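> Before I ask anything, here is the structure I am working with.
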Amino acid sequence: MPHIRVSGLPETAVATLSNSLLEALADICQAKPESFILDWVNSNSYRDGEQIKDIAQVEVLWFPKDPETHHRAQQAIREALLKVYPGLQHVIVMFRELEPSTYYKDGQHY
5 MPHIRVSGLP
15 ETAVATLSNS
25 LLEALADICQ
35 AKPESFILDW
45 VNSNSYRDGE
55 QIKDIAQVEV
65 LWFPKDPETH
75 HRAQQAIREA
85 LLKVYPGLQH
95 VIVMFRELEP
105 STYYKDGQHY
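Be aware that the sequence shown starts at 5, since it is given in this note's numbering, and climbs by one per residue.
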C-alpha cells in the first residue's frame, strides 16, 4: 500500500518504472519502497475507431494525503512515465483515497 495501477503502456515499460518510481514515491511519502505495489493494467484505448497509443493513465490508491504530496507524487509519476515511454502526449494521474478502517492486509485493518 499504496497501490499504483498503470494503463496505456506496454508491460515492459511498467516493469522498468518499478526500478525507480517506487523509490521516488517512497521518498515523497516518507515510506518504505516495498510498501508500494505497481500494477500493469493491460488495456487499449480507442477514439473514432482507432487505438490511442499516446495516453497513459495512472491510478494511485492510498490513504489521505495533503495537496502538496499529491502534486509532488504526480510530478514524479509524470516524469518517470515520460522517461520510459517518451512518445506519450498525455499523462493522466488520478488519486483515490482509501479509508484506513476499510483497508485490510492479512486480516488486519489500519
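C-beta: ideal position from N, C-alpha, C; glycine also.
If you're wondering where the values come from, they're calculated on a predicted model, not measured in any experiment.
Can you list, in chain order, the residues of its chain whose CB lies under 6 Å from that of L21, leaving out five sequence neighbours each side?
If we look at L21 and ignore the five residues flanking it on each side, its Cβ neighbours are A84, V88.
> Which residue's Cα is closest to the Cα of A30: T73, A19, V18, A17?
Closest by alpha carbon: T73.
> On the criterion of 16 or more Cβ atoms from any shown chain inside 10 Å, does P6 qualify as buried, or is it exposed?
Buried.
> Quick check on this structure: which residue in S105, K69, Q79, E38 has the alpha carbon closest to the alpha carbon of N23?
The shortest Cα separation from N23 among S105, K69, Q79, E38 belongs to E38.
> Considering Cα atoms alone, identify which of M98, F67, A60 is closest to Q78.
Comparing Cα positions, the closest option is M98.
> Could you tell me the alpha carbon to alpha carbon distance between P90 and Q112, rounded to whole angstroms?
The straight-line gap from Cα to Cα measures roughly 41 Å.
> Output the boundary residues of the beta strand (DSSP E) element that contains D43.
Counting along the chain, the beta strand (DSSP E) containing D43 begins and ends at 41 to 45.
> Quick check: E27 and F67, are their CB atoms within less than 8 Å of each other?
No, these two residues do not count as a Cβ contact at 8 Å.
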